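For reference, the structure is listed below as structure tokens.
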Amino acid sequence: MHINDKSNATLYTPNAHRYDSMQYNRAGKSGVLLPAIALGLWHNFGFVDRLHNAKSILRTAFDLGITHFDLANNYGPPYGSAETNFGTILKQDFKAYRDELFIATKAGYDMWPGPYGNLGSRKYLMASIDQSLQRMGLEYVDIFYHHRPDPDTPLEETMGALDSIVKQGKALYVGISNYNAKDTQKAAELLKASKTPFILNQVNYSMLDRWIEDALLDTLTQHHLGCIAFSPLAQGMLTDRYLEGIPKTSRAAKDFTYLEAETVNSNAAKIKELHAIAVNRGQKLSQMAIAWILRQPQVASVLIGASSAAQLKENVNALNHLKFTDDELSQIDRVIGR
Ligand SMILES: NC(=O)c1ccc[n+]([C@@H]2O[C@H](COP(=O)([O-])OP(=O)(O)OC[C@H]3O[C@@H](n4cnc5c(N)ncnc54)[C@H](OP(=O)(O)O)[C@@H]3O)[C@@H](O)[C@H]2O)c1
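Those letters in the sequence shown? Residues 65 to 402, by the numbering used here.
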């Protein structure tokens, strides 16, 4: 790996052994294999962040066999800037490796002013994919997601837009995100009828939020769909980050994030207990949190965030110890409830 954090112009030669130790899992019953750990660009890749750090994280990820990068139209801040930065780095470092990458983007949250820049209309989604492709300098994305359910737009319209995006060659596959079991079922029926390559539901899942275990995982199995789990570390709470309070550089201490200091404090006791279980397993808490998610057969990939290459490396080492004893699982259940 050749990284010079001071210069964005340094030539990058990927690690020749990048595929030796990463595990790849099938997304549902599709032909797509995803790395067990994928990288999301929600935070740390916007214009407010340091481009050389973003570049170092992306290079480290690819060197570790991470082939899947997850974006959305509104990632930044400002909105769109994560896609623009990703496009810049892609052009400089990864152009020759486009066919080794599985790139995602989404639309569904607030993006531009007025009535057409949000939620799930055909008008919004068709414009948004064009904007995303332009920002990233891509001809197509590998998967395009509807980012969240829209209660007021007919699902037929939203799913129809996803189908059109595939037919126009702008995405190879489609997915949904934050859809519950019932809406996933309806989406699956519509997309099956139109023969649209629908493969994934991207959902929040961690030791601090087990909602998908109630019904969604079964629905995914019934429809041969895969799951990709986002915020697996509960935005950093399921790591060493907050064991001694709230560091100034952490997400919970920053503006414009969705992790409140109050949430960290209210989970502090649980986090300490989970940390003790991880230590007994000979693992970091972050690594145990990732391994715990990968025990679900529907989960093709755990979608992490990282503010440094070192965090990313630590997290990928979760793959060295994925098995749990029944006793460890019941200790975890006792702490987090089930
Ligand atoms: N579909 C959706 O609606 C949706 C919503 C949210 C996220 N996502 C996707 O999921 C991705 C991941 O979400 P997330 O960033 O919330 O995931 P996460 O993995 O739960 O949290 C990542 C954050 O935890 C901290 N961290 C990570 N590894 C650490 C380590 N080893 N030690 C200490 N701290 C560590 C870092 O925060 P610090 O800044 O404190 O270092 C890092 O930015 C996003 O980028 C996005 O692609 C999708």
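Idealized CB from N, CA, C, for every residue including glycine. Because the structure is a prediction, the values reported are computed rather than measured.
- In the structure shown, Tyr-322 adopts coil according to DSSP, grouped into three states.
- Counting of Cβ neighbours within 10 angstroms places Ser-314 among the buried residues, the total reaching 16 or more.
- The straight-line gap separating the alpha-carbon atoms of Leu-197 and Arg-345 is approximately 44 Å.
- Here the stretch 264 to 271 does not lie against the stretch 226 to 234, with fewer than 3 beta-carbon pairs under 8 Å apart.
- Beta-bridge analysis with DSSP links His-210 to Ala-171 and Ile-240.
- Note: Gln-266 is bridge-paired with Ser-241 and Ile-292 in the DSSP secondary-structure output.
- Sorting Ile-153, Lys-155, Thr-169 and Asp-174 by C-alpha distance to the C-alpha of Pro-142 places Asp-174 at the top.
- Per DSSP, Leu-280 lies in no beta strand (DSSP E); the unbroken alpha helix (DSSP H) holding it starts and ends at 280 to 286.
- Going by DSSP, Ala-191 is part of the alpha helix (DSSP H) stretching over 186 to 200.
- Between the beta-carbon of Ala-342 and that of Thr-283 there is about 31 Å, and that puts the pair past the 8 Å contact cut.
- Around Lys-312, the same chain offers no residue with a beta carbon nearer than 6 Å, after the five sequence neighbours per side are excluded.
- With a threshold of 7 Å, the Cβ atom of Trp-106 counts as near ligand 1, since some heavy atom of the ligand is closer than that.
- The three-state secondary structure of Leu-105, taken from DSSP, is coil.
- Put simply, of Arg-212, Lys-334 and Phe-294 the residue whose alpha carbon is nearest the alpha carbon of Leu-358 is Phe-294.
- In the DSSP assignment, His-116 falls within the alpha helix (DSSP H) that extends over 115 to 127.
- By the CB criterion at 8 Å, Leu-367 and Thr-303 fall outside the cutoff.
- DSSP, reduced to helix, strand and coil, places Tyr-88 within a strand of the structure shown.
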